[in-house]
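What follows is a single structure, written as structure tokens, with notes after it.
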Amino acid sequence: MKRLLQPRLFSILMLLAAVAVVAMMSAPRGVGGTASTPKSSQLKRQNARSQWVYLDDQGHLAYKTVLRGDKIMDFSFAGYGGGGMAIPWVPVCQTVSPSGGDDGDAIQAAINAVSQRQLVGGFRGAVLLAPGVFHCKEPLVIKDSGVVLRGSGAANDPHNNTIIQMTGKPHLCISIAGSSTMRTVGNPTLIADAYVPAGSTAFRVADASSFKAGDTVLINHPVTPAWVHFMGMDHLVRNGKPQTWISGSISTERTIGRITGNMITLDIPLSDCLDARYLNPPGSSVIKCDNTGQISQVGVENLKIVAPAQVVSINQPQHHALHIQGVTDAWVRNIAIVDTINSVSLSSDTRRITVDNVQTSHSVATVGAAKPADFATNGTQTLFNHCSSTGNNLFYFVTGARVTGPNVLLNCTFRGNGHIQPHQRWATGLLVDGCRVSESGIDFMNRGEMGSGHGWTIGWSVAWNCLARSYVIQQPPGAANWAIGCQGTPETDVMPFGDKTKAPRLPEGIFDSHGTPVMPPSLYLAQLRERLGEQALKNIGYASRVGNSRSH
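Each residue of the sequence shown is one higher than the one before, counting from 50 in our numbering.
Okay, here's the thing in structure tokens:
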């Protein structure tokens with residue numbers, strides 16, 4: 050037995066040595082501890098351990114908190130159905146073939162016919178667009194629950210795929226639009242805790258007697274002069290004119306999971322902290338709400354949208370691809386988009402949306418310094434998975450004003466001189482997970498007076514195991530932003546505009562294991578597996594492991 054083991058042991062040792070040599074030869078190199086700008090083919094494969102989120106000895110996720118108890122939130126609630134739910138394949142009820150002329154009326158008539166059907170299990174049916182080229186001069190509108198618009202494929206060959214050719218004046222190609230109206234019910238109760246950490250699910254209120262488990266509520270973060278001053282956003286001036294950052298309040302919609310005395314536990318963590326020092330008066334509060342008019346269980350899939358190339362600025366009329374508003378539980382998947390501007394956008398009244406495998410490309414760049422965004426979310430619990438954009442002079446992905454997470458950008462690839470850059474006026478709870486921006490950057494930053502006073506754009510957000518040319522990760526007052534396991538060059542900057550020669554460098558965010566990817570490979574998938582099990586990964590097309598590979 051001993052003689053048999055010795056050659057086997059020798060072979061194993063030789064194999065391990067060979068693997069180590071290959072790893073050293075293929076690893077990207079930096080100078081003096083500064084991250085190099087690696088090409089995607091040079092992506093490091095060794096995995097370190099983050100101090101902020103890591104697998105403990107039992108294989109469960111553990112989280113490090115900052116001084117006041119804030120932590121990286123659980124992002125796994127993002128996506129259709131609240132994360133981890135398979136997108137259904139809805140039966141076809143109407144089929145439309147191209148006519149050779151304008152096809153908009155025929156497609157809309159089919160959508161309207163399906164919209165009149167009864168809901169069965171939440172769905173009415175799908176409209177199938179046969180292979181070929183459809184010409185449309187006006188928007189196609191889905192405004193009822195349970196309706197799906199499906200093409201026959203998103204590739205270039207019209208014999209086997211569906212191509213919508215946008216014609217006529219600039220317009221939106223496809224609109225999914227409910228008529229959402231949010232109203233509050235009853236009286237609010239004040240949050241009694243002096244500090245509610247970001248990433249937490251529970252807090253005490255002054256009086257919980259009017260609430261019960263299952264209630265939909267709004268958690269209101271008032272925008273007070275004291276908080277705006279604390280954030281350093283009360284001195285924004287552009288061209289001699291004062292700029293307004295944000296006003297009113299920042300509202301987060303949640304469902305009450307449990308009540309114990311005056312302690313309320315929510316279904317989903319909060320993406321921002323609530324600090325009574327700066328929010329009183331009037332103080333943070335909770336109030337029941339009712340959102341009427343939203344539609345659900347709607348989708349667009351398997352088609353290509355082509356617009357005429359547009360050499361315009363963002364202030365001129367443009368062709369747009371797809372806009373979603375007033376919707377909960379919807380999807381856009383397997384879509385190719387060519388030469389639209391501000392291509393895919395989700396409004397503030399959208400929730401639990403998946404945008405999966407949507408590819409945008411541009412043959413010409415938008416004119417001017419102001420840039421459009423290919424993907425934009427103003428909603429919450431939105432997941433952009435395996436999307437891509439190729440083009441210049443644009444933002445690949447942005448968030449809007451007062452956006453609360455979780456929102457996730459997962460395994461997306463962007464090519465050109467654009468940026469992933471939350472865009473304006475305080476969003477929280479964004480995860481950029483496993484994304485590739487090898488020619489440009491990922492920015493969690495203060496945009497200063499840009500865009501009429503965007504100021505601090507993002508807090509409590511994470512870039513996880515990403516590859517980019519550069520990172521501007523800045524630390525807002527009272528919040529944190531992280532770049533964990535990322536590769537690329539960290540950059541520091543001052544707040545844009547004003548006299549940059551006199552402005553101090555803005556505080557740098559948290560860089561952890563920079564230059565070396567960490568375990569788990571995907572934070573979103575690891576959190577999803579921890580919460581719902583491996584089947585949840587399979588449901589969204591990933592292998593049953595905490596990795597980045599898809600199972601199809």
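Just so it is clear, CB atoms sit at the ideal spot from N, CA and C, and this is done for glycine as well. This one's a predicted model, so the numbers in the text were calculated from it and none came from an experiment.
Per-residue DSSP class, three states only, for residue i
i, result
"Gly-483", "coil"
"Leu-189", "strand"
"Ile-608", "A query on residue 608 cannot be resolved here, the shown segment of the chain reaching from 50 to 601 and no further."
"Gln-365", "coil"
"Val-416", "coil"
"His-278", "helix"
"Leu-328", "helix"
"Gly-375", "coil"
"Gly-131", "helix"
"Val-163", "helix"
"Ala-575", "helix"
"Arg-496", "coil"
"Glu-540", "coil"
"Asn-288", "coil"
"Ala-617", "Nothing can be reported for residue 617, as the shown portion of the chain is limited to 50 through 601."
"Gln-584", "helix"
"Ala-203", "coil"
"Phe-172", "strand"
"Ala-226", "strand"
"Gln-91", "In this prediction, Gln-91 has a pLDDT of 44, which is less than 50 and means its spatial position is unreliable; nothing more can be read from the coordinates."
"Ser-334", "strand"
"Gly-306", "strand"
Closer than 8 Å: residue i CB and nearest the ligand NAP heavy atom
i, result
"Glu-557", "The ligand NAP is not among the ligands present in this structure, which contains no ligands whatsoever."
Straight-line gap, residue i to residue j (C-alpha atoms, nearest Å)
i, j, result
"Ile-533", "Val-447", "20 Å"
"Ala-179", "Thr-211", "6 Å"
"Ala-592", "Leu-586", "6 Å"
"Ser-229", "Asp-339", "10 Å"
"Asn-383", "Gln-100", "36 Å"
"Asp-256", "Val-335", "10 Å"
"Ile-305", "Met-215", "45 Å"
"Asn-288", "Gly-497", "13 Å"
"Ile-559", "Ser-510", "10 Å"
"Lys-353", "Pro-570", "31 Å"
"Leu-239", "Asn-530", "28 Å"
"Gln-473", "Thr-293", "12 Å"
"Gly-332", "Gln-365", "42 Å"
"Ser-410", "Leu-480", "23 Å"
"Ala-247", "Trp-505", "17 Å"
"Ser-90", "Gln-536", "Because the pLDDT at Ser-90 is just 37, under 50, the model does not fix this residue reliably, and the value given afterwards should be weighed accordingly. Between Ser-90 and Gln-536, the C-alpha separation is close to 12 Å."
"Trp-513", "Ile-295", "29 Å"
"Glu-488", "Asp-561", "22 Å"
"Gly-128", "Ala-379", "9 Å"
"Cys-185", "His-368", "12 Å"
"Asp-316", "Arg-303", "7 Å"
"Ile-402", "Tyr-244", "31 Å"
"Trp-475", "Val-452", "7 Å"
"Thr-377", "Thr-431", "10 Å"
"Gly-564", "Gly-483", "14 Å"
Rounded Cβ spacing between residue i and residue j (contact assumed at less than 8 Å)
i, j, result
"Leu-459", "Phe-433", "7 Å"
"Gly-227", "Gln-343", "5 Å"
"His-372", "Ser-224", "5 Å"
"Ala-517", "Ile-491", "5 Å"
Residues near residue i by beta carbon distance below 6 Å, same chain, minus five either side
i, result
"Gly-413", "The sequence given here has Val at residue 413, not Gly. Excluding positions up to five away in sequence, the list reads Ala-358 and Val-360."
"Lys-337", "Val-234, Gly-235, Asp-264 and Val-266"
"Thr-114", "Lys-120"
"Gly-133", "Leu-577, Leu-581, Ala-585 and Asn-588"
"Ala-528", "Gly-508 and Trp-509"
"Gln-408", "Ala-385 and Ser-437"
"Ala-155", "Val-145"
Close beta carbons around residue i, own chain, < 7 Å, minus the five adjacent residues each side
i, result
"Asp-105", "Ala-111"
"Pro-526", "Phe-279, Met-280 and Gly-281"
"Met-312", "Ala-251 and Arg-253"
Contacts around residue i, its chain only, beta-carbon distance under 8 Å, and the 5 residues preceding and following it disregarded
i, result
"Asp-542", "Met-494, Val-521, Gln-523, Arg-554 and Leu-555"
The stretch 413-421 touching the stretch 144-157, judged by at least three CB pairs closer than 8 Å: no
Touch test, the stretch 385-397 against the stretch 244-255, Cβ-Cβ under 8 Å, three pairs minimum: no
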